[in-house]
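**Student:** Heads up, the sequence shown is in full-length UniProt numbering, so the first residue is 1 and it goes up one at a time.
Quick reminder that beta carbons are idealized off the backbone N, C-alpha and C, glycines included.
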Amino acid sequence: MATMLTLTESAAARVAAIAQKQAKPAILRLSVEGGGCSGFQYRFGLADAPEDGDSVSETGGVRLVVDPVSLDLVAGSKVDFVESLGGAAFKVENPQAAAGCGCGSSFGI
Numbered sequence: 001m002a003t004m005l006t007l008t009e010s011a012a013a014r015v016a017a018i019a020q021k022q023a024k025p026a027i028l029r030l031s032v033e034g035g036g037c038s039g040f041q042y043r044f045g046l047a048d049a050p051e052d053g054d055s056v057s058e059t060g061g062v063r064l065v066v067d068p069v070s071l072d073l074v075a076g077s078k079v080d081f082v083e084s085l086g087g088a089a090f091k092v093e094n095p096q097a098a099a100g101c102g103c104g105s106s107f108g109i
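#1: Considering only C-alpha positions, which residue in the set Glu33, Ala75, Glu93 and Leu73 is nearest to Val82?
#2: Taking the beta carbon of Ala88 as the centre, do at least 16 other beta carbons fall within 10 Å, making it buried, or is it exposed?
#3: Can you list, in chain order, the residues of its chain whose CB lies under 8 Å from that of Asp48, leaving out five sequence neighbours each side?
#4: Would you call the CB atoms of Leu73 and Phe40 closer than 9 Å?
#5: Helix, strand or coil: how does DSSP classify Ala11 here?
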């Protein structure tokens, strides 16, 4: 299914750890906003529950939720958590992105 979103095991483990520290459900919300150096930017945050119309995928008991408007821009994406010398961050591998920025937090279509 083209709209399928994937949360990697690494990202699921990180969400679970953050949620446990904050005493919240292990639900990561991915949304897209206008802005950033390439036109759109990704936003991540913990959610208390999925909202009506959200697309939901689950990995290891952790849910990834995306609203219908954002889903059009991130359909088919994989959300990962990567650690490197430059730091640690959630990373979206978006097959629809035609352009991106060096930091990986914004994209263009």
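**Tutor:** Reading from the atomic positions:
#1: For the set Glu33, Ala75, Glu93 and Leu73, the Cα lying nearest the Cα of Val82 is the one of Glu93.
#2: Exposed.
#3: If the five residues before and after Asp48 are omitted, its C-beta is found closer than 8 Å to the C-beta atoms of Lys24, Pro25 and Ile27, all from its own chain and listed in chain order.
#4: Yes, they are a contact pair.
#5: Helix at Ala11.
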